[in-house]
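Read in order, the letters of the sequence shown correspond to residues -19 to -1, 1 to 358 in mature numbering (1 follows the signal peptide of the UniProt record, and there is no 0).
Step one of this worksheet: look at the structure below.
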Amino acid sequence: MSIRSTILAASALLLAANAHITMDLPVPYSVDKIDSGPISASQYPCKVQNGFTVSKMNSMAVGQKQQIKFKGTAVHGGGSCQLSVTTDTVPNASSVFKVIKSIEGGCPGLDGATKEFDFELPASIPNGKATFAWTWFAKMSGGPEMYMNCAPIEVTGGASDKTAFNALPDMFIANIASTTCKTDSANSKGVKFPNPGSVVVNGGDNTLTAPSGECGKTGGSPPVVPSAAPSAAPSAAPSAAPSKPASSAAPIPSKPATSAVAPPPSNTGIVGAPISSGLPAATKTTLLTVTAAPSAVVPSVPAGTGSPEPTGAPVTPTPGNGAACTTDGAVVCNGPTMWGLCNFGKVVYQPVSAGTTCSDGKITKRGYHGRIARPRV
């Protein structure tokens, strides 16, 4: 064996003896069983085979400075790390870890020595017990590897629900059998995370490269906020708002209809009697008025005839307006000076025109009650 081969073999044994790196703080689960080897698909997440015994509960307040520390010296030229949280206290393969900080390059250290890194829990982390995770993708591991240690935490000062938490990016997963996503550690390249989140530290490594393969979901999207505008309701529903609501001022019955509505026929029998002109449904005001949809136009009513027959379907009255009636489309009198059309079981009275009177469902000209001229003898 050559001297060079002997040195390389000795170096490999030394790296194995140094046993890579483990997380020292926060205090991990099952600290007496923790090992420093890379994680496999069957061990994901958190080296599940070691269990989740709480050696020490790590209390963390949102917004306060925390530290992550490591044991070991085999930093493999550094690499990229992520700090993540799941609300599961006993994580499994279906647990969703959300990224709170990414360190791209120089993690967990350089030149055979680890570093300490500061971090803070964001306000989006829900209160209560959760699991903190450190993941590491070494720059010079000689092959695709993923390292992962987890620790129990108890969060205070955080969110009351998961809405903002769910919008954080998902933790990056690569180099295990359950995914085709790979980093380029074989060529001594650190990984640049597809979605590192909003808190990113660059460790000074300019050789970072994107991963290859199907790297799955690496980020979340904020919740869709429904539009404030309500959807249009069917026009026949009493509670539906009109598509073009009237102003708060009192509506004028004689306002002409829009251009899309045919004008009503001339009124030859009722002197000055108002005809519905297709106004949109009015809002509730102090002045009562007859409301009608644009498709319903009331024909003229000849003087002295019976009740008019509507040419279109009756229009739903504005809720709360009008008195009760029985026959839709019929003229209803309220004394000789007030009249209205029965519309969907409701009638809104209004004064008759000058020179007319309402009686027995008819509007007629008033009779002449002056002096009767006597013929001269």
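Backbone N, C-alpha and C define an ideal beta-carbon position, used for all residues, glycine too.
Margin query: Which of the three DSSP states is assigned to Ala42 in this structure?
Written below: Reading the sequence shown from its first residue, position 61 is the one you call residue 42. Residue state, collapsed to three classes: strand.
Check: How far does the beta strand (DSSP E) with Thr338 in it reach, from first residue to last?
Finding: Along the sequence shown, read from residue 1 onward, the residue named residue 338 stands at position 357. Element bounds for Thr338: 337 to 340.
Next item on the list: Using 10 angstroms around the beta-carbon of Pro317, count the other beta-carbons present and answer buried if the total reaches 16, otherwise exposed.
Entry: For the purposes of this step, residue 317 is taken as residue 336 along the sequence shown, with counting starting at 1. Pro317 should be labelled exposed.
Note to self: Here's a check: name, in chain order, each residue in its chain whose Cβ is nearer than 8 angstroms to the Cβ of Leu189, leaving out the five neighbours to either side.
What the structure shows: The sequence position of residue 189 within the sequence shown is 208, counting from 1. For Leu189, where only same-chain residues beyond five positions count, the Cβ hits under 8 angstroms are Ser61, Glu85, Gly86, Lys170, Gly171, Val172, Lys173.
Checklist line | DSSP three-state assignment for Ala155, whether helix, strand or coil | finding: Reading the sequence shown from its first residue, position 174 is the one you call residue 155. Residue state, collapsed to three classes: coil.
Next item on the list: In the DSSP assignment, find the beta strand (DSSP E) that holds Leu102 and state where it starts and stops.
Entry: If you number the sequence shown from 1, residue 102 lands on position 121. Run containing Leu102: none; DSSP gives neither H nor E here.
Checklist line | Reduced DSSP secondary structure (H/G/I, E/B, other) of Phe146 | finding: As a first step, residue 146 must be located in the sequence shown, where it is residue number 165. In the structure shown, Phe146 sits in a helix (DSSP, three-state: H, G or I).
Item checked: Among Pro9, Gly58, Pro26, nearest to Ile49 - alpha-carbon criterion -> Numbered from 1 along the sequence shown, position 68 holds the residue referred to as residue 49. Considering only alpha carbons, the answer is Pro9.
Note to self: Between which two residues does the beta strand (DSSP E) holding Leu64 run?
What the structure shows: Sequence index remark: in the sequence shown, residue 64 carries index 83 (1-based). First-last of the beta strand (DSSP E) with Leu64: 60 to 67.
Item checked: DSSP-derived helix/strand/coil call for Val329 -> Here residue 329 refers to the residue found at position 348 of the sequence shown. Coil at Val329, not helix or strand.
Item checked: Assigned exposure category for Pro181 - 16 Cβ within 10 Å defines buried -> Walking along the sequence shown from the start, residue 181 turns up at place 200. In the sequence under discussion, the amino acid at residue 181 is Val, which differs from the Pro named in the question. Counting Cβ neighbours within 10 Å, Val181 comes out exposed, since fewer than 16 surround it.
Check: Can you give the beta carbon distance from Gly59 to Leu91, rounded, assuming they're within the 8 angstroms contact cut?
Finding: By 1-based counting over the sequence shown, the position of residue 59 is 78. By 1-based counting over the sequence shown, the position of residue 91 is 110. About 5 angstroms separates the two Cβ atoms, so the contact holds.
Next item on the list: Can you tell me which of the three DSSP states Asn168 falls into?
Entry: As a first step, residue 168 is located in the sequence shown; it is residue number 187 there, counting from the start. If DSSP states are grouped into helix, strand and coil, Asn168 belongs with the helices.
Checklist line | DSSP three-state assignment for Ala119, whether helix, strand or coil | finding: Within the sequence shown, numbered from 1, the residue matching residue 119 stands at position 138. Reduced to three states, the DSSP call for Ala119 is strand.
Check: Is the beta carbon of Ala55 less than 8 angstroms from the beta carbon of Phe78?
Finding: For the purposes of this step, residue 55 is taken as residue 74 along the sequence shown, with counting starting at 1. For the purposes of this step, residue 78 is taken as residue 97 along the sequence shown, with counting starting at 1. In this structure, Phe78 does not lie closer than 8 angstroms to Ala55 by Cβ.
Item checked: Span of the beta strand (DSSP E), counted from its first residue to its last, around Met127 -> Taking the sequence shown and counting its residues from 1, one reaches residue 127 at position 146. Per DSSP, Met127 belongs to no beta strand (DSSP E) and is neither H nor E.
Next item on the list: Give every residue of the same chain whose Cβ lies closer than 7 angstroms to the Cβ of Cys162, excluding the five residues on either side of it in the sequence, and list them in chain order.
Entry: Counted from its first residue, the sequence shown places residue 162 at position 181. Taken in chain order, the residues that qualify are Ile154, Ala155, Pro192, Gly194, Glu195, Cys196, Gly197.
Check: From Glu101 to Ile2, what does the alpha carbon distance come to, in whole angstroms?
Finding: Here residue 101 refers to the residue found at position 120 when the sequence shown is read from its first residue. Here residue 2 refers to the residue found at position 21 when the sequence shown is read from its first residue. Taking the straight line from one Cα to the other gives about 22 angstroms.
Item checked: Ala111 classed as buried or exposed, judged by whether at least 16 other C-beta atoms fall within 10 angstroms -> In the sequence shown, the residue the question calls residue 111 occupies position 130. Ala111 should be labelled buried.
Check: Pick from Ser11, Val80, Gln24: whose alpha carbon is nearest that of Met152?
Finding: Position 171 of the sequence shown, counting from 1, holds the residue named residue 152. The shortest Cα separation from Met152 among Ser11, Val80, Gln24 belongs to Val80.
Next item on the list: Thinking Asn31 and Pro7 are a contact (beta carbons under 8 angstroms), I'd like their distance in whole angstroms, please.
Entry: Here residue 31 corresponds to residue number 50 of the sequence shown, with the count starting at 1. Here residue 7 corresponds to residue number 26 of the sequence shown, with the count starting at 1. At roughly 16 angstroms, the Cβ-Cβ gap does not stay under 8 angstroms, so Asn31 and Pro7 are not in contact.
Check: In chain order, what residues of the same chain lie with their CB nearer than 6 angstroms to the CB of Cys131, ignoring the 5 residues before and after it?
Finding: Residue 131 sits at position 150 when you count from the first residue of the sequence shown. Contacts found: Tyr10, Cys27, Thr112, Ala114.
Notebook entry, point to check: Would you call Asn324 buried or exposed, if buried means 16 or more other Cβ atoms sit within 10 Å of its Cβ?
Noted result: The sequence position of residue 324 within the sequence shown is 343, counting from 1. Counting Cβ neighbours within 10 Å, Asn324 comes out buried, since at least 16 surround it.
Notebook entry, point to check: Nearest-angstrom Cα distance between Gly336 and Thr345?
Noted result: The residue labelled residue 336 in the question sits at position 355 within the sequence shown. The residue labelled residue 345 in the question sits at position 364 within the sequence shown. Gly336 and Thr345: Cα-Cα distance of roughly 9 angstroms.
Margin query: What does the alpha-carbon distance come out to for the pair Gly310 and Leu322?
Written below: Here residue 310 refers to the residue found at position 329 when the sequence shown is read from its first residue. Here residue 322 refers to the residue found at position 341 when the sequence shown is read from its first residue. Distance between the alpha carbons of Gly310 and Leu322: 6 angstroms.
Notebook entry, point to check: So, Val29 versus Pro103, is the Cβ gap smaller than 8 angstroms?
Noted result: The residue you call residue 29 lines up with position 48 of the sequence shown. The residue you call residue 103 lines up with position 122 of the sequence shown. Contact: no.
Notebook entry, point to check: Which residues in the same chain as Ala218 place their Cβ atom closer than 6 angstroms to its Cβ, once the five residues preceding and following it in sequence are excluded?
Noted result: Position 237 of the sequence shown, counted from the first residue, corresponds to residue 218. Here the model assigns Ala218 a pLDDT of 41, short of 50, so the residue's position is not dependable, and the following value carries that caveat. Within the same chain, Ala218 has no close Cβ partners at all.
Next item on the list: Identify whether Val313 lies in helix, strand or coil by the three-state DSSP scheme.
Entry: Here residue 313 is taken as the residue at index 332 of the sequence shown, counted from 1. Of the three classes helix, strand and coil, the one that applies to Val313 here is strand, per DSSP.
Notebook entry, point to check: Using DSSP with H/G/I as helix, E/B as strand and the rest coil, what is Asn108?
Noted result: To locate residue 108, count along the sequence shown from 1; it is residue 127. The answer is coil: DSSP assigns Asn108 none of H, G, I, E or B.
Margin query: Quick check: the Cα distance between Thr338 and Val312, rounded to an integer number of angstroms?
Written below: As a first step, residue 338 must be located in the sequence shown, where it is residue number 357. As a first step, residue 312 must be located in the sequence shown, where it is residue number 331. Cα to Cα, Thr338 sits roughly 12 angstroms from Val312.
Checklist line | Endpoints, beta strand (DSSP E) assigned at Val182 | finding: Counted from its first residue, the sequence shown places residue 182 at position 201. Start and end: 181 to 183.
Next item on the list: Can you tell me the Cβ-Cβ gap for Ile106 and Val71, rounded? I've got them flagged as a contact below 8 angstroms.
Entry: By one-based count along the sequence shown, residue 106 stands at place 125. By one-based count along the sequence shown, residue 71 stands at place 90. With 8 angstroms as the limit, Ile106 and Val71 do not qualify as a contact, their Cβ atoms being about 18 angstroms apart.
Item checked: Gln45 versus Ala119, Asp341, Gly139, Tyr128, residue with shortest Cα-Cα distance -> Reading the sequence shown from its first residue, position 64 is the one you call residue 45. The candidate whose alpha carbon is nearest that of Gln45 is Gly139.
Next item on the list: Spatial neighbours of Ser122 within its chain, please: CB distance less than 7 angstroms, with the 5 preceding and 5 following residues excluded, ordered by chain position.
Entry: Position 141 of the sequence shown, counted from the start, is the residue given in the question as residue 122. Hits under 7 angstroms: His57, Ser166.
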